[in-house]
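So the structure is just underneath, and the comments pick up after that.
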Ligand code: DAH
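Numbering (the working numbering), first residue to last: 847 to 1188.
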């Protein structure tokens, strides 16, 4: 029994070799000490059953403790060597760098900001309103007749009762007129909803920018000059515009404004369907009934209003043939317009 205890004491000394061992030495040591047949400690453990009970207990306890100590020391060193193998020890400064991803504003957001900025220079402030509207704001205060097709659930998204997702930003004209006395000059960017198919030229949700100016003495000349100035600032200084008669319940007279096609400069191309013109907005002089519905004296005040689609405007500026690319978040498409990143 004494010789066994002495052998164990000697073996214990060898624990110190483990933390310094390299991979080969470590596996050699493991066989030498814990190997199934030849392992020094395995052999000692094998002799324990033949000892007398008292010695069995003493030698057994210390041999088992030593075995656990070796196992722990081997595992620790093995882990250390493994981690070291996976660690990069040097940095190659000659490698080319990787450019980081830089975020950018969506093309439509850039266009909305740019349009609002042009009107800010012309004296217009920015206003917003809710996307869930009542029929009164979305239709009736805007002079829509009770049987207008837009009131049909086939055409608009109703939420409940007479509450629907606004089909245009025009209801914010009413909210503004109810809240602020003239003079009023506002632009109202926002999201609108219609039960339209999702195809190359329609989307069920899109942006609009509404404009409203109400003051004493506003005439059709102010209206034309303001929108023509906008077109020349937004497109190019020599951009031609034209107004075509139209109809909206909330304006009288009403007009649609076209700008010379930006792609072919008026010659005719697929983007403008060979007409040389692109329609960019609906507009008109504010209908007296709309002013009266908001408690504004229509004898004293007149005004003009318009509504335009920034998606359409972005498409006409860049010759984008399909509106769906503006909703798909394909970075290869969007990155072409990321210059305005901030
Ligand atoms: N609300 C109209 C639409 O969504 C656009 C519009 C036309 C707005 C004429 C106006 C306007 O303010 O005067 O089609």
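We put the beta carbon where it would ideally sit given N, CA and C, even for glycine. In this text, all values refer to a predicted model and were calculated from it rather than measured experimentally.
Check: Is the separation between the beta-carbon of residue 1012 and that of residue 1038 shorter than 9 Å?; Outcome: yes
Check: Below 8 Å, how does it come out for the stretch 1113-1124 and the stretch 1068-1077: are there three or more Cβ pairs, yes or no?; Outcome: no
Check: Excluding the 5 residues preceding and the 5 following residue 972 in the sequence, name in chain order all residues of the same chain whose CB lies nearer than 8 Å to its CB.; Outcome: 962, 966, 1032, 1033, 1034, 1035
Check: Under three-state DSSP, which class holds residue 1004?; Outcome: strand
Check: Report the three-state DSSP secondary structure of residue 1183 (helix, strand or coil).; Outcome: helix
Check: Return yes when at least one heavy atom of the ligand DAH lies under 8 Å from the C-beta of residue 1032, else no.; Outcome: no
Check: Excluding the 5 residues preceding and the 5 following residue 1095 in the sequence, name in chain order all residues of the same chain whose CB lies nearer than 8 Å to its CB.; Outcome: 988, 989, 990, 991, 994, 1133
Check: Is it buried or exposed for residue 1083, if we count other Cβ within 10 angstroms and need 16 for buried?; Outcome: exposed
Check: Leaving out five residues before and five after residue 1158 in sequence, what residues of the same chain have Cβ atoms less than 7 Å from its Cβ?; Outcome: 1126
Check: From residue 787 to residue 1145, what does the alpha carbon distance come to, in whole angstroms?; Outcome: For residue 787 there is no data in the structure shown, the boundaries of the chain being 847 and 1188.
Check: Would the beta-carbon of residue 1014 be found less than 8 Å away from any heavy atom of the ligand DAH?; Outcome: yes
Check: Do you know how far the Cα of residue 985 is from the Cα of residue 1101?; Outcome: 19 Å
Check: Kindly list the residues whose CB is nearer than 8 Å to the CB of residue 1017, restricted to its own chain and excluding five residues on each side of it in sequence; keep chain order.; Outcome: 975, 979, 983, 984, 987, 988
Check: How would you call residue 1029, buried or exposed, if buried means at least 16 neighbouring beta carbons within 10 angstroms?; Outcome: exposed
Check: Relative to the alpha-carbon of residue 1040, which residue among 882, 1182, 998, 865 has its alpha-carbon at the smallest distance?; Outcome: 998
Check: Helix or strand or just coil, what does DSSP make of residue 1188?; Outcome: Below a pLDDT of 50, predicted positions are generally treated as unreliable, and residue 1188, at 40, falls in that range; no measurement from the model is reported.
Check: Check for me: the alpha helix (DSSP H) holding residue 1088 runs from which residue to which?; Outcome: It is not in any alpha helix (DSSP H) - residue 1088 instead sits in the beta strand (DSSP E) that spans 1087-1094.
Check: Any heavy atom of the ligand DAH closer than 8 Å to the beta-carbon of residue 1057?; Outcome: yes
Check: In its own chain, which residues sit with a C-beta less than 8 Å from the C-beta of residue 1046, not counting the 5 before and 5 after it?; Outcome: 1167, 1168, 1169, 1170
Check: Taking its Cβ as the centre, do 16 or more other Cβ atoms sit within 10 Å of residue 1097, making it buried, or is it exposed?; Outcome: buried
Check: How many Å lie between residue 1105 and residue 1129 at the Cα?; Outcome: 14 Å
Check: Let's see if you can read the secondary structure: which residues bound the beta strand (DSSP E) around residue 872?; Outcome: Element bounds for residue 872: not the beta strand (DSSP E) but the alpha helix (DSSP H), 869-880.
Check: Does DSSP classify residue 1166 as helix, strand or coil?; Outcome: coil
Check: Report the three-state DSSP secondary structure of residue 1194 (helix, strand or coil).; Outcome: With the chain represented from 847 up to 1188, any question about residue 1194 goes unanswered, as that position is not in the structure.
Check: Just mark residue 1019 as buried or exposed, buried being the case when its beta carbon has 16 or more other beta carbons within 10 Å.; Outcome: buried
Check: Identify which residue in 876, 1042, 951, 911 has its Cα closest to the Cα of residue 1172.; Outcome: 951
Check: Sorted by chain position, which residues of the same chain lie with C-beta nearer than 6 Å to residue 1165's C-beta, five sequence neighbours on each side aside?; Outcome: 1109, 1117
Check: Tell me the DSSP secondary structure of residue 1066 in three-state form.; Outcome: helix
Check: At which residue ranges does the stretch 1004-1050 contain complete alpha helix (DSSP H) runs of 4 or more residues, listed in the order of the chain?; Outcome: 1017-1025
Check: Helix, strand or coil for residue 1121 per DSSP?; Outcome: coil
Check: Less than 9 Å between the beta carbons of residue 937 and residue 1156, yes or no?; Outcome: no
Check: State the start and end residues of the unbroken beta strand (DSSP E) segment that holds residue 940.; Outcome: First-last for residue 940: undefined, no H or E at that position.
Check: Please classify residue 879 as buried or exposed, where buried requires at least 16 neighbouring CB atoms within 10 angstroms.; Outcome: buried
Check: Helix, strand or coil: how does DSSP classify residue 847 here?; Outcome: coil
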